[in-house]
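The structure appears below as structure tokens.
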Amino acid sequence: MITQIETKGKIKDYIINATLSDNKAIADDTLIFETGLLDSMGLLFLIEYLKEEFNVEVSDEELLPENFESVNSIIKFIEGKL
82 MITQIETKGK IKDYIINATL SDNKAIADDT LIFETGLLDS MGLLFLIEYL
132 KEEFNVEVSD EELLPENFES VNSIIKFIEG KL
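Start counting at 1 in the sequence shown, then tack on 81, and there's your number in my numbering.
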């Protein structure tokens, strides 16, 4: 089973690679959408990544900003699904 630290690392790496960001140090509480790292299209790609990487399905009811606003919130969401 993957650890929380490994999961955080994978999510941060995905965001950095998806955004081609020079910012290699995304904090766990960085607001992904408010800072412009991802937009609505980026959210769709992030959800697809979570499905493929962590086998996590996201229902329409779960498409809430608070579930995806930061690395911490994404981790919490994933842990709630496992």
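In this text, a Cβ means the ideal position worked out from N, Cα and C, and glycines have one as well.
Since the structure is predicted, the reported quantities are computational estimates derived from the model, not experimental observations.
* To do: From the DSSP output, in three-state form, read off Asp-110 for me.
  => Against the sequence shown, residue 110 aligns to sequence position 29. Note: Asp-110 maps to coil in three-state DSSP.
**Report entry** Identity of the residue in Asn-98, Gly-123, Asn-136 nearest Pro-146 by Cα
**Finding:** Counting from one through the sequence shown, the residue named residue 146 turns up at place 65. Closest by alpha carbon: Gly-123.
*Given a cut-off of 8 Å, decide if Asp-109 and Asn-148 are closer than it, judged by their beta-carbon atoms.*
On the sequence shown, position 67 is the one that residue 148 refers to. On the sequence shown, position 28 is the one that residue 109 refers to. Contact: no.
query: Relative to the C-alpha of Lys-89, which residue among Leu-131, Glu-143, Leu-119, Thr-100 is closest?
result: Here residue 89 refers to the residue found at position 8 when the sequence shown is read from its first residue. Comparing Cα positions, the closest option is Leu-131.
| said: Need the endpoints of the alpha helix (DSSP H) that Thr-116 sits in, please. | reply: To locate residue 116, count along the sequence shown from 1; it is residue 35. Premise fails: Thr-116 is in no alpha helix (DSSP H) and is neither H nor E.
### Message
Taking the alpha helix (DSSP H) that Val-152 belongs to, which residues open and close that run?
### Response
Position 71 of the sequence shown, counted from the first residue, corresponds to residue 152. Start and end: 152-162.
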